[in-house]
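What follows is a single structure, written as structure tokens, with notes after it.
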Amino acid sequence: MIVEATKKVVERQDLTAAEAEQVMDEIMSGEAEAVNMAAFLTALRMKGETVEEITAFAKGMRKHGIKVPVQGDVLEIVGTGGDEANSINISTTASILVAAAGYKVAKHGNRSVSSKSGAADCLEALGVKLDLEPEQNAKVLEASNICFMFAQKYHSAMRFVGPVRKALGIRTVFNILGPLANPAEADVELLGVYSEELVEPMAHVLDKLGVKRALVVYGQDRLDEISLSAPTTVMEVNQSTFTRYELTPEQFGMKRCDKSELVGGDGAQNAQITESILKGECTDAKAEAVILNAGAGIYLMGGADSIAAGIQKARETIANGKAYEKLQQFVALTNA
1 MIVEATKKVV
11 ERQDLTAAEA
21 EQVMDEIMSG
31 EAEAVNMAAF
41 LTALRMKGET
51 VEEITAFAKG
61 MRKHGIKVPV
71 QGDVLEIVGT
81 GGDEANSINI
91 STTASILVAA
101 AGYKVAKHGN
111 RSVSSKSGAA
121 DCLEALGVKL
131 DLEPEQNAKV
141 LEASNICFMF
151 AQKYHSAMRF
161 VGPVRKALGI
171 RTVFNILGPL
181 ANPAEADVEL
191 LGVYSEELVE
201 PMAHVLDKLG
211 VKRALVVYGQ
221 DRLDEISLSA
231 PTTVMEVNQS
241 TFTRYELTPE
251 QFGMKRCDKS
261 ELVGGDGAQN
271 AQITESILKG
281 ECTDAKAEAV
291 ILNAGAGIYL
301 MGGADSIAAG
311 IQKARETIAN
321 GKAYEKLQQF
331 VALTNA
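Residue numbers (our numbering): 1 to 336.
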């Protein structure tokens, strides 16, 4: 199928959902040859992926992954990566903060690809055990409101396409599929994207995948989160209703920073920054960026009627010591 699909895509014809899912089946089962995967992914990138194609690929990827059983609404805060900002682990730290505020967060991530520190690098340096089985992760989530699903474990079929992606050295559809293939099938999502052009299509993809509420965000200084250093383009999804708007740090009473103030280091350095933010010791732009994104997560989970109120709740969660307590509990439970 992949050869036929490549021929079609080269002619700038869109694939049907069934064709796209079939191609993903071939890739994820190890049947597709490397040269064919490379040709297909390159041609698809040049044509541009449709909402239908991305949705079908995500469904195909989910089908081949391991699932984590969850009860009730679950949030994921995630970025596509590829923004080349080398910022601290904003979404990872914000995830712990939202969990500490009382809402379930199922984080799905990997080691770094385009940055110095991915979610897995940072969490591992904090002492979180990465390779938990689905049942263990489900228990940790129930007990602590947070779990981390290591992509290498839950999407092991990605090993077939990994070397091809690395050799190609260009962005492919897989850059945006990771955040769409959450093993807990999170139904609430704060999704950061690396390009303004992705904001609208990704919102429609999330809706088609059954996500109830979402914010798809693009920091206009090329940041895949809600930015503290520029306006942010947002597409809000609420039960299949779409609203587009712009956010600025100033509207939340926050001081705009320079993007360089958000730069982090490797996993160990970012882990120290995460810890000091959650303890309330670090109060600079890095902490504010985390609080801003956590506030949006709390709002999405229905914990506040606005992002501003969510930000206030995030601040209180750090101030009352619950944020750092949550980190300690999370680390302990993964090692139990």
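A virtual CB, placed ideally from N, CA and C, is assigned to each residue, including glycine.
No experiment lies behind these values; they were computed from the predicted model shown.
State yes or no: is the C-beta of residue i within less than 8 Å of the C-beta of residue j?
i       : j       : result
Ile-273 : Lys-286 : yes
Val-216 : Leu-191 : yes
Thr-233 : Glu-246 : yes
Thr-93  : Ile-318 : no
Arg-62  : Thr-172 : no
Leu-180 : Leu-209 : yes
Thr-6   : Ala-43  : yes
Val-193 : Tyr-218 : yes
Thr-80  : Asn-175 : yes
Ile-77  : Ser-91  : yes
Gly-297 : Leu-75  : yes
Leu-262 : Leu-126 : no
Met-389 : Gly-60  : In the structure as shown, the chain begins at 1 and stops at 336. Residue 389 is therefore absent and cannot be evaluated.
Phe-330 : Ile-96  : yes
Lys-47  : Val-9   : yes
Ala-17  : Glu-52  : yes
Ile-291 : Arg-256 : no
Ser-156 : Gly-264 : no
Arg-222 : Ala-85  : yes
Ala-143 : Ala-323 : no
Leu-333 : Val-35  : no
Gln-220 : Ala-230 : yes
Val-205 : Ile-311 : no
According to the neighbour-count rule (16 or more other Cβ atoms, all chains shown, within 10 Å of its Cβ), is residue i buried or exposed?
i       : result
Thr-283 : exposed
Glu-11  : exposed
Thr-241 : exposed
Ala-167 : exposed
Asn-320 : exposed
Arg-244 : exposed
Asn-89  : buried
Ser-29  : exposed
Lys-313 : buried
Asn-338 : This structure does not reach residue 338, given that the chain is present from 1 up to 336, and the question cannot be answered.
Glu-26  : buried
Ala-268 : exposed
Asn-339 : Lying before the first or after the last residue shown, residue 339 is absent from the chain, which here runs from 1 to 336.
Glu-288 : buried
Val-387 : In the structure as shown, the chain starts at 1 and stops at 336, and residue 387 therefore has no counterpart that could be examined.
Asn-293 : buried
Glu-33  : exposed
Ile-170 : exposed
Gly-295 : buried
Lys-203 : Note that residue 203 is Ala in the sequence shown, not Lys. Answer is buried; the Cβ neighbour count reaches 16.
Glu-19  : buried
Glu-275 : buried
Gly-253 : exposed
Starting from residue i, trace the beta strand (DSSP E) both ways and give me its first and last residue.
i       : result
Leu-75  : 75-79
Met-149 : 146-150
Taking 8 Å as the CB-CB limit, is residue i close to chain C?
i      : result
Arg-45 : Among the protein chains of the structure shown there is no chain C, as only one such chain exists.
Between which two residues does the alpha helix (DSSP H) holding residue i run?
i       : result
Met-28  : 17-28
Ile-96  : 90-100
Leu-177 : 174-177
Phe-160 : No alpha helix (DSSP H) contains Phe-160, which DSSP labels as neither H nor E.
Arg-45  : 34-47
Glu-4   : 2-10
Ile-54  : 51-64
*Is it a yes or a no for the region 174-194 touching the region 55-72, going by three-plus beta-carbon pairs under 8 Å?*
yes
_Continuous alpha helix (DSSP H) assignments of at least 4 residues falling wholly in the region 189-273_ = 199-208
_Counting beta carbon pairs with one atom in the region 221-240 and one in the region 197-212, are three or more of them shorter than 8 Å?_
yes
*Is the region 122-141 touching the region 149-165, taking contact as three or more C-beta pairs under 8 Å?*
yes
*Can you find at least 3 beta carbon pairs, one from the region 304-312 and one from the region 102-109, that sit closer than 8 Å?*
no
*For the region 105-143, list the beta strand (DSSP E) runs that are entirely contained and at least 3 residues long, ordered along the chain.*
105-109
*Give a yes or no on contact between the region 205-221 and the region 290-302, applying the rule of three or more CB pairs nearer than 8 Å.*
yes
*asked:* My parser needs the alpha helix (DSSP H) runs of 4 or more residues fully inside the region 275-331; what are they?
replied: 285-300 and 307-319
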